[in-house]
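**Q** What follows is a single structure, and I will ask about it in a moment.
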Amino acid sequence: MLEFALAFAAFLAAHVVPAASGLRTAAVARLGRRAWVIGYSLVSVGLLAWLVSAAARAPYVELWAPGRAAALAPFAAMPLACVLLVAGAGRANPVSVSFRGGAADAARPGVLAITRHPILWAFALWGGSHALANGDLVSVVMFGGFALFALVGMRGLERRARRRGEAAAFGLASGPPGARLRRAASWRLAAEAGLGLALFLVLLALHGPVLGVDPTAWL
1 MLEFALAFAA FLAAHVVPAA SGLRTAAVAR LGRRAWVIGY SLVSVGLLAW LVSAAARAPY
61 VELWAPGRAA ALAPFAAMPL ACVLLVAGAG RANPVSVSFR GGAADAARPG VLAITRHPIL
121 WAFALWGGSH ALANGDLVSV VMFGGFALFA LVGMRGLERR ARRRGEAAAF GLASGPPGAR
181 LRRAASWRLA AEAGLGLALF LVLLALHGPV LGVDPTAWL
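Take the sequence shown: its position 15, counting from 1, is numbered 15 in full-length UniProt numbering, and each next residue is one higher.
Here's what the structure looks like:
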């Protein structure tokens, strides 16, 4: 359990300290955004691999026995999470987590007209649904921690975006729901939704062989 606690603390620190300390800003200025994103992504993947392996070795402590409804929660959450992840990954988003720099496309905002934080909502849905579906201490701490971190992170990112004066980007996801959906609608968003659903099917197919747990056994 100690190794899991250390891995989880290191993973969280890697996602809090760079932004809070100004390290990210200094690194981007010195190395460029592309180099920072590549390097930071490699560190994040390495820490995530350590966290997952430490979780697999940690003692099993049951908090609740998940029934069929809880076990099926990821089937409801993950298709939407995958669509949000794919749709958010390809768009510049100065308000939230983004894999692209620059200003948001106000003329064709896509998913950013629906939510300011598509990638963080994807992680929140993933974490929350998997915490519910597992029910043991390590899973609840890890997956629930991811979900909570994503939700809390939205507020912090919005505060920093306001300080930078990103008022135009905030306006993309404002107004009545119907108007926002009309602004979001496009062939590109439809393609992103299709790719997101394809990603869900790939993850579902790999879940058993890679992680040793077949979610379809509950169907």
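The beta carbon of each residue, even a glycine, is placed where N, CA and C say it ideally should be.
If you draw a straight line from the alpha carbon of LEU110 to that of PRO79, how long is it in whole angstroms?
**A** The residue you asked about is not Leu; residue 110 is Gly in the sequence shown. Rounded to the nearest angstrom, the two C-alpha atoms are 18 Å apart.
**Q** Starting from PRO18, follow the alpha helix (DSSP H) in both directions and report where the run begins and ends.
**A** Where PRO18 is concerned, the enclosing alpha helix (DSSP H) stretches over 2-21.
**Q** Kindly indicate the opening and closing residues of the alpha helix (DSSP H) around ILE119.
**A** Per DSSP, ILE119 belongs to the alpha helix (DSSP H) from 118-134.
**Q** Looking only at its own chain, which residues have a Cβ that is under 6 Å from the Cβ of VAL83, when we skip the five neighbours before and after it?
**A** Here the set comprises ALA193, GLY196.
**Q** What's the gap between the Cα of ALA106 and the Cα of LEU172?
**A** Distance between the alpha carbons of ALA106 and LEU172 is about 7 Å.
**Q** Are the region 117-137 and the region 177-187 in contact at 8 Å, needing three or more beta carbon pairs?
**A** The region 117-137 vs the region 177-187: no contact.
**Q** Quick one: give me the first and last residue of the alpha helix (DSSP H) that ILE114 is part of.
**A** Run containing ILE114: none; DSSP gives neither H nor E here.
**Q** How should GLY102 be labelled, buried or exposed, when 16 other C-beta atoms within 10 angstroms of its C-beta is the threshold for buried?
**A** Exposed.
**Q** Which one or two residues does DSSP pair with GLU62 in a beta bridge?
**A** Partner(s): ASP136.
**Q** If SER129 sits next to PRO74, beta carbons under 8 Å apart, how far is it from one beta carbon to the other, in whole angstroms?
**A** SER129 to PRO74, Cβ: 4 Å. Contact.
**Q** With 16 as the cutoff for other CB atoms within 10 Å, does ALA104 come out buried or exposed?
**A** Buried is the call here.
**Q** With burial defined as no fewer than 16 other Cβ atoms inside 10 Å of the residue's Cβ, what is the status of ALA147: buried or exposed?
**A** Under this definition ALA147 is a buried residue.
**Q** On the CB-based measure, 16 or more other CB atoms within 10 Å of its CB, does LEU112 come out buried or exposed?
**A** LEU112 comes out buried.
**Q** Pull up the distance between the alpha-carbon of ARG162 and that of PHE11, whole angstroms please.
**A** Roughly 27 Å between the two C-alpha positions.
**Q** Give me the Cβ distance between PRO215 and LEU204, rounded to the nearest whole Å; I'm assuming they're in contact under 8 Å.
**A** Sure, about 7 Å apart at Cβ, within 8 Å.
**Q** Compute the Euclidean distance between the alpha carbons of VAL16 and TRP36, then round it to the nearest angstrom.
**A** Using only the alpha carbons, I get a separation of about 15 Å.
**Q** Per DSSP, what kind of secondary structure is PHE99 in: helix, strand or coil?
**A** If DSSP states are grouped into helix, strand and coil, PHE99 belongs with coil.
**Q** Going by beta-carbon coordinates alone, are LEU120 and SER96 separated by less than 8 Å?
**A** Cβ distance < 8 Å, so LEU120 and SER96 count as in contact.
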